[in-house]
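Input: a single structure, listed below in structure tokens.
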Amino acid sequence: MERCKVMVVDDQLWVRTMLLEALSSSGYLTFGVANGKDALKMVHQEKPDIALIDMTIPGIDGFTLLAHLKKEKPDVAAIFMSGSSDMEYIDRARREGASGFLVKPFDMEELKSVLEELSTTLDLASRGEDRWEKDSGMGPMIS
């Protein structure tokens, strides 16, 4: 896979700008939007590999946005961001298909680590491999 394309969805301009600059300087292709409605429009145009979504954005919440994104682009990986560390919230995010959950404020290195892991997984999937095969040091499984 070439460089991953990351969509940042956060209504706070300073957060969105900080994330876009940090990720862009780390080699990701990035674009940002302030709300769920714009995110749904942009997913058609930009086709992101990864969506970094604040849970409390105007218009629609993160869970609703994720459901719509998965319908439009089923292979998009989503990472939720929230100021809440409520386990029920985090468990729901997992159940609904999120690839990760970061509690604000989070360390940029933590985010980059999560994105690197997702990028590797997406790259393997695009080549028809699976994560276990890569990590095991063995070749593809033959049945």
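Per this note's numbering, the very first residue in the sequence shown carries number -4; after that it's consecutive. Glycine included, C-beta positions come from ideal geometry on N, C-alpha and C. For clarity, every value in this text was computed on a predicted model and none was experimentally measured.
Review point. In or out: residue 3 buried (at least 16 other Cβ within 10 Å) or exposed?
Key: buried
Review point. When the Cβ atoms of the region 0 to 17 are set against those of the region 36 to 51, are three or more pairs found closer than 8 Å?
Key: yes
Exercise for review: Per DSSP, which residues does residue 77 bridge with? Please list them.
Suggested key: 98
Review point. Per DSSP, residue 139 is paired with what?
Key: Given that the chain is displayed from residue -4 to residue 138, the structure contains no residue 139 and the question cannot be resolved.
Check your understanding: Going by DSSP, which residues form a beta bridge with residue 13?
Key -> Note: residue 13 sits in no beta bridge, so no partner.
Check your understanding: Looking at the unbroken alpha helix (DSSP H) that takes in residue 62, where does it start and where does it end?
Key -> 57 to 67
Practice item. Go ahead and label residue 31 buried or exposed: buried means 16 or more other beta carbons lie within 10 angstroms of its beta carbon, across all protein chains shown. Key: buried
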